[in-house]
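Protein chains: 4
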Amino acid sequence: MVNDLDSIYNWMTTSRIETLVDGIFAIAMTLLVLSIAVPDISRVASESALQQQLWLLWPKILSYVLSFWILSMFWRVNHQQFYFIKRTNPALITINVCWLLFIVLVPFSTDLIGDYPNYFTANLIFQLNLFFAGILYYVNWFYAVRKGLLDEKMDKTTIQLMSRNNLIFPILSIIALGLAYYVDAWSSLVYLASPLLKKIMEKI
Amino acid sequence: MVNDLDSIYNWMTTSRIETLVDGIFAIAMTLLVLSIAVPDISRVASESALQQQLWLLWPKILSYVLSFWILSMFWRVNHQQFYFIKRTNPALITINVCWLLFIVLVPFSTDLIGDYPNYFTANLIFQLNLFFAGILYYVNWFYAVRKGLLDEKMDKTTIQLMSRNNLIFPILSIIALGLAYYVDAWSSLVYLASPLLKKIMEKI
Amino acid sequence: MVNDLDSIYNWMTTSRIETLVDGIFAIAMTLLVLSIAVPDISRVASESALQQQLWLLWPKILSYVLSFWILSMFWRVNHQQFYFIKRTNPALITINVCWLLFIVLVPFSTDLIGDYPNYFTANLIFQLNLFFAGILYYVNWFYAVRKGLLDEKMDKTTIQLMSRNNLIFPILSIIALGLAYYVDAWSSLVYLASPLLKKIMEKI
Amino acid sequence: MVNDLDSIYNWMTTSRIETLVDGIFAIAMTLLVLSIAVPDISRVASESALQQQLWLLWPKILSYVLSFWILSMFWRVNHQQFYFIKRTNPALITINVCWLLFIVLVPFSTDLIGDYPNYFTANLIFQLNLFFAGILYYVNWFYAVRKGLLDEKMDKTTIQLMSRNNLIFPILSIIALGLAYYVDAWSSLVYLASPLLKKIMEKI
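Those sequence lines, one after another, are chains A, B, C and D.
Heads up: the first sequence begins at 4 in the numbering used here, then just goes up one per residue.
Heads up: the second sequence begins at 4 in the numbering used here, then just goes up one per residue.
Heads up: the third sequence begins at 4 in the numbering used here, then just goes up one per residue.
Heads up: the fourth sequence begins at 4 in the numbering used here, then just goes up one per residue.
Have a look at this one:
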């Protein structure tokens, strides 16, 4: 007998969470480009003036590419997690909503480090944003494993492998957070070490 | 025999309404972040100036988080409703379109209370926006129950439980609307009482 | 034997067109709200000043509601058409892309009549935009019927009913286009006559 | 035995990549319209002033229509490719993410040539953007064929036909890139030759 609404959620599939997540990622990834503004016509009188103005956009373009890449990494892990997570419950949805709250902030914090690449405060906010997003999706996986929301055919080895894989992002974000104090905007390059860390995780 | 187009709708599934709803929520939730503007470069000359400017963003960030949360609550209830609603008809689509019209206004009214947190008019508009959204999704459920658009396997107890659950939002929005006169922006915190009200509703 | 790529398209289902259409509608409907700008803080010093500024937003809000409603009507007809259209081909995709090109322009032309409600040129552009969108979705249905892309179980009566139903929008847009010369922005109210025209169409 | 996470991806279907792609295209196509700004009220005092201001929007509208069309062509080929690609792996997702990175830049580079139609630098950036997008989706197909990610029922003739079809865009983008030096903005019209090139490709 069903006697509360929470248990109704337990029958529900995850397809609509996936649609919402895909939608939010599609928009967040596209909004990143809005941070790159076309040079103002009033400042451009010649070909070389345009080239000069476009040249000034480099920090913006770099932070765009980096954030696009980081968001795509988050999307991939969500994609992988929900390949195995077959059922949902209110708490799992709450975790995902909190996670999305930080994902949606990425265009803002990207814009911030694009404008202030050499300010520690800007880098701290950007790295904290990624840190919370990284922690929350680890929590998502951890919770799903614990509550038995996974595909029942999934074996123990794969679960362990996935759990370790889901640690990559939190670990990288802690390192980047630490480095932010010393090397400003460059600390984000730590995220490019993700494939390397993945190989190491699989060997342990 | 089919003799008008309205009856054609009655065979239709709800999958496309769900896609549209998910899309609109994904965008509305992401647009919220656009209300948080990166501090203007011309005003920032030092680390402490940036920190000061970012500090001024607090009311914006608070209203972002609150609206994100409220939108996610609406999405969850829609998710839950359409888990049971299996068929659609023109009137049901109309109700949903009207509901979405108020959902899409949320980024605007959030922006408004972010800019004018201490103005009664701004708070009234924000609360009215949520009030109409809350009423309309209750109407959606009420209509679907009455017209027999639900999953046939659904038992009476669950329907009653869902009906009561769908009253939470309208009730909270009336309280918040009343409180707006006395406590301005803080009245929105009433929405955090939602899990509590849910438990009470299940006990009755 | 398959000997050209066009025939490959003929096996394809319509699900991805539907996802793209739903996505574009979700965004176009949400972008409408961006045309309503929150009153500028520098102009607002008191409660009554805010109320006055908000009052000035009425033409914007009216054109928002109207355009939202019109877009939702377009979405409904697309929803209905693709309930019956089961296969696709390159020409059908081209028709839909052209149609979407005009759908995406709706936020622009809505913004235009919101700013210039009493200018004939603005109203002409808005009405022409809807007119082309209306014509193209009729062409979409007409083409799908002719090329046999419909569900084979669909009977002749329903096809005829649908064909007449799909004429409602082109007819209304021609009337609104004509009226635009005499009554400016009010001519759009013609679209509210849609349910009436639908009843008439079914009786013929 | 599964012993690394990459092999888990090999079982995964492509449905979520498709949702993300559809979402990003829907938004990129809709964002294009944001490059067309409604004439500033302060500059418009009469009907003829409005017409004059709207007339100045022509280069913007032309670049909007062209970019919308080009994006729709990219979407169509993705649609066609993923009709045959049935499985995915990490490298395929990486290719698609890189491809999307250039797709998302299209609204920016469209805005750029809309503002600077007669500047070689602007045209070069626009054409390079399309060139990389064109190359990457060819790589996508090439990789999927090589790694056997296609539908197994697909015959050799169709694969060859598709491979040649996927060369159309890279070829056109190289021609347009070359022409950009001589004819500026007009070089994009090369993309209208796509149906012609398709016919030629099928005859070879």
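Ideal placement from N, C-alpha and C gives every residue a C-beta, glycine not left out.
Distance from the Cα of Val-100 of chain D is smallest, within the candidate group A:Tyr-86, A:Met-76, A:Gly-117, for A:Met-76. As the crow flies, the alpha-carbon of Tyr-67 of chain C is around 11 Å from that of Leu-115 of chain C. Phe-77 of chain B has a beta carbon lying at 8 Å or more from every beta carbon in chain C. Within the stretch 117 to 180 of chain B, the complete alpha helix (DSSP H) segments at least 4 residues long are 123 to 149, 159 to 168, listed from N- to C-terminus. Listed in chain order, the alpha helix (DSSP H) elements of length 4 or more contained wholly in the stretch 28 to 97 of chain A are 50 to 58, 61 to 87. Of all alpha-carbon atoms in D:Ile-207, D:Arg-19, D:Lys-201, the one lying nearest the alpha-carbon of Val-80 of chain D is that of D:Lys-201.
Judged by beta-carbon spacing, Leu-182 of chain B lies beyond the 8 Å limit of Ser-197 of chain B, meaning their Cβ atoms are not closer than that value.
Ile-27 of chain B and Ile-203 of chain D have their C-alpha atoms spaced approximately 42 Å apart. In the structure shown, Met-15 of chain B adopts coil according to DSSP, grouped into three states. For Ile-207 of chain D, the secondary structure class from DSSP, reduced to helix, strand or coil, is coil. For chain D, the residues of the stretch 116 to 127 of chain C that bring a beta carbon within less than 9 Å of one of its beta carbons are Gly-117, Asp-118, Tyr-119, Tyr-122, Phe-123, Thr-124, Ala-125, in chain order.
Chain order gives the chain C residues near Glu-50 of chain D as Tyr-122, Phe-123, Thr-124, where near means a beta carbon separation below 8 Å.
A contact is defined here as three or more CB-CB pairs under 8 Å, and the stretch 111 to 130 of chain D meets this definition with respect to the stretch 30 to 48 of chain D. Around the beta-carbon of Thr-160 of chain A, fewer than 16 other beta-carbon atoms lie within 10 Å, marking it exposed. About 18 Å separates the CB atoms of Glu-21 of chain C and Phe-105 of chain C; that is not less than 8 Å, and the two are not in contact.
Rounded to the nearest angstrom, the gap between the Cα atoms of Ile-73 of chain C and Asn-92 of chain C is 27 Å.
Chain C places a beta carbon closer than 8 Å to that of Thr-161 of chain D, counting this residue as a contact. The alpha carbon of Asn-169 of chain A has as its nearest neighbour, out of A:Leu-65, A:Phe-123, A:Ala-147, the alpha carbon of A:Ala-147. The beta carbon of Gln-130 of chain D is closer than 7 Å to those of Ser-176, Ala-179, Leu-180, Ala-183, Ser-190 in its chain, skipping five residues each way along the sequence. Straight-line spacing of the CA atoms in Leu-34 of chain A and Thr-33 of chain B works out to 9 Å.
Here the alpha carbon of Arg-19 of chain B sits roughly 22 Å from the alpha carbon of Val-109 of chain B. Cβ neighbours of Phe-123 of chain D within its own chain (closer than 6 Å, five residues either side excluded): none. Under the 10 Å beta carbon count, Lys-63 of chain B is surrounded by 16 or more other beta carbons and is classified as buried. Residue contact check for Pro-110 of chain A against chain B: a CB pair falls below 8 Å. In this structure Gln-83 of chain B is buried. Its beta-carbon is surrounded by 16 or more other beta-carbon atoms within 10 angstroms. Taking the Cβ atoms as the reference, Trp-78 of chain B lies roughly 14 Å from Leu-139 of chain B, outside the contact range of under 8 Å.
Beyond the five residues adjoining it in sequence on each side, Pro-173 of chain C comes within less than 8 Å, by CB distance, of Phe-134, Gly-137, Ile-138, Tyr-141 in the same chain, given in chain order.
Within its own chain, the residues whose Cβ lies closer than 8 Å to the Cβ of Val-47 of chain A, once the five positions on either side in sequence are excluded, are Leu-53, Gln-56, listed in chain order.
Here Asn-121 of chain C is exposed. Its C-beta has fewer than 16 other C-beta atoms within 10 Å. The C-beta of Val-36 of chain D comes closer than 8 Å to at least one C-beta of chain C. Contact between Asn-143 of chain A and Ile-98 of chain A holds: their C-beta atoms lie close to 5 Å from each other, under 8 Å. Straight across, the Cα-Cα distance linking Tyr-194 of chain B with Tyr-194 of chain D is about 53 Å. Interface flag for Leu-104 of chain B against chain C is set, since a Cβ pair is found closer than 8 Å. In terms of Cβ geometry, Leu-95 of chain D and Asp-25 of chain A do not form a close pair [threshold 8 Å].
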